[in-house]
Amino acid sequence: MIELTSRQRKILEKEAQPMSAVIQIGKYGVSEELVKQIQAAISTRELIKIKFNEFKDEKKDLSYEIAEHTDSTVVRIIGNTTILYKEAAERENRKYASLLAKAN
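Okay, so the sequence shown: first residue is 1 according to the numbering used here, each after it adds one.
Below, the structure written as C-alpha cells:
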C-alpha cells in the first residue's frame, strides 16, 4: 500500500471519473473469491471502482479491508463507490506513474 498526496488523489479521481464500476458488492458481501476477483482486476487495470449495492453502512471499513487484502490504496470513497489504486508490478505496464510523479 502506498501513501498518496492530496494532489495525487485528485489526479486519480479525475482518471477514474469516466470509468464504470468493475466490481459490485451485493448481498453476499466480501468473500475470499471476491477479493481474488478484485486482485485480478486491479493487477491489470491499476485503478478500479467498486460499487456497494449492499453493506452501505459498512463501506468505509470494507473498503479499507479490501485494500489491505489486495495491497492497494483507497483513493476516495464517493457515495457508494470506492476507488482503489495499485501500481502495476512491471514498469512498462504502469499507466499512471508519470502523472503521479508530476504531482509530487
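Here a beta-carbon is modelled for each residue, glycine too, at the ideal position from N, C-alpha and C.
Who are the Cβ neighbours of E68 in its own chain at under 8 angstroms, not counting the five residues just before and after it? M1
With a threshold of 16 other CB atoms inside 10 Å of the CB of S72, please say whether the residue is buried or exposed. buried
May I ask you to report which of helix, strand or coil DSSP gives Q39? helix
Simplified DSSP state of K95, which is helix, strand or coil: coil
Can you tell me the Cα-Cα spacing of Y64 and L84, whole angstroms? 10 angstroms
Quick check on L84: does DSSP put it in helix, strand or coil? strand
I need the straight-line Cα distance from A16 to E33, nearest angstrom please. 24 angstroms
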